[in-house]
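The letter at position 78 of the sequence shown is residue 82 when you use the working numbering, and the numbering goes up by one with no holes.
Glycine residues also receive a C-beta, built at the ideal position from the N, C-alpha and C atoms.
Model, not experiment: these values are computed from the prediction.
Right, one structure below, let's go through it.
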Amino acid sequence: MTTQTITAPEVYQGQFGEFTITQSDRTGVIIYRAGLMVAALSFAIGSALVLFNNNSSVFTVLTPLYACFSLALGVSLFTIHIYMASLHRALQVFWAIGSLTSVVLALYSSEPLAVTVYNQPVTLFGLGFTFVALTGIYFKEAFCFNRLETKFLTFIVPLLLLGHLIGILPTPAEQVLLGIWAILFLVFALRKTVQAIPQDIGDKSVFAYLKQQRSTKV
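Encoded structure:
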């Protein structure tokens with residue numbers, strides 16, 4: 005007869021007390037990272053089709069790829085750990101606004117979604133909120149983990165979108181920025197797969213303290 009040894013969960017010392025990491029916490033991080041990977045792959049495939057394929061029929065393929073990207077990003081935004089609840093909710097709201105706008109444009113425009121957005125930059129006032137939410141993730145990762153690729157992405161994404169909205173960027177410059185964005189997004193998603201899971205969970209004692217503070221105010 006063999007005796008199974010039950011290992012007690014590791015106890016971490018946080019800023020406001022001790023805490024443990026549960027299997028649910030780990031699952032949430034895995035889902036967050038999987039969402040980022042799917043979003044990055046969808047975005048990279050779509051970008052490659054735009055940059056290296058001159059066939060106009062490719063634009064019809066971009067709509068389902070964008071839908072996959074947006075859904076995966078939404079999953080990541082609902083499983084990411086951010087200490088500031090107001091910021092977390094804001095990023096989720098931005099994603100929702102961008103997603104709703106993209107659905108409306110896809111359903112009611114006579115052209116493929118990508119063509120509509122490219123030819124009518126004003127649509128970025130709605131759909132662009134999705135990328136505001138994505139930039140929020142880049143900024144969070146750059147701030148928390150000092151990731152070089154997300155530091156670049158935090159500036160590249162607004163530069164490309166605002167540049168296209170205002171009309172100050174020539175097409176070759178937009179193509180270069182899009183290619184860099186796609187590559188760095190993939191690098192970011194791949195590096196997340198080998199990062200220690202507890203790092204993405206953060207200090208749970210801070211979450212508990214902030215929750216207690218909100219309850220006290222109410």
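Pairwise C-alpha distance: residue j and residue i
| i | j | result |
| --- | --- | --- |
| Lys155 | Ala200 | 20 angstroms |
| Gly18 | Lys208 | 7 angstroms |
| Leu69 | Phe20 | 43 angstroms |
| Arg151 | His168 | 26 angstroms |
| Ala146 | Ser106 | 28 angstroms |
| Phe135 | Gly78 | 11 angstroms |
| Thr24 | Val210 | 13 angstroms |
| Ser80 | Lys144 | 13 angstroms |
| Arg195 | Phe189 | 10 angstroms |
| Thr127 | Ala76 | 22 angstroms |
| Ala137 | Met88 | 15 angstroms |
| Val108 | Ala100 | 12 angstroms |
| Tyr213 | Arg37 | 26 angstroms |
| Asn57 | Gln217 | 54 angstroms |
| Val121 | Ile35 | 30 angstroms |
| Pro176 | Cys72 | 27 angstroms |
| Ser28 | Thr83 | 11 angstroms |
| Leu173 | Arg93 | 32 angstroms |
| Met41 | Glu14 | 28 angstroms |
| Thr220 | Gly50 | 48 angstroms |
| Gln124 | Ala118 | 10 angstroms |
Burial state of residue i (16 or more Cβ within 10 Å)
| i | result |
| --- | --- |
| Tyr142 | buried |
| Glu153 | buried |
| Ile160 | buried |
| Ser74 | buried |
| Val33 | buried |
| Ile205 | buried |
| Phe149 | exposed |
| Ser90 | exposed |
| Leu55 | exposed |
| Gly39 | buried |
| Thr158 | buried |
Contacts around residue i, its chain only, beta-carbon distance under 6 angstroms, and the 5 residues preceding and following it disregarded
| i | result |
| --- | --- |
| Lys215 | none |
| Gly140 | Leu95 |
| Arg30 | Ile201 |
| Leu53 | Val62 |
| Met5 | Because Met5 sits at a pLDDT of 44, beneath the cut-off of 50, its placement in the model cannot be relied upon, and the point is left open. |
| Ser113 | Thr120 |
DSSP bridge partner residues for residue i (one or two, in chain order)
| i | result |
| --- | --- |
| Tyr16 | Phe23 |
8 angstroms Cβ shell around residue i - same chain, five flanking residues per side excluded
| i | result |
| --- | --- |
| Thr7 | Reliability fails at Thr7, whose pLDDT of 48 lies under 50, so the model's placement of it is uncertain and no value is given. |
| Ile184 | Phe156 and Ile160 |
| Pro116 | Phe63, Thr64, Leu66 and Thr67 |
| Ala48 | Ala186, Ile187, Phe189 and Leu190 |
| Gly102 | Ser74, Gly130, Leu131, Gly132, Phe133, Thr134, Phe135, Val136 and Ala137 |
Short CB-CB distance (under 8 angstroms) between residue i and chain D
| i | result |
| --- | --- |
| Gly132 | The structure shown contains no chain D; it holds only a single protein chain. |
Please give the ranges of any alpha helix (DSSP H) in the region 19 to 66, keeping only runs that are unbroken, at least 4 residues long and fully inside the region. 27 to 56
Runs of alpha helix (DSSP H) wholly within the region 128 to 213 (minimum 4 residues, chain order): 128 to 149, 152 to 170, 175 to 196 and 201 to 205
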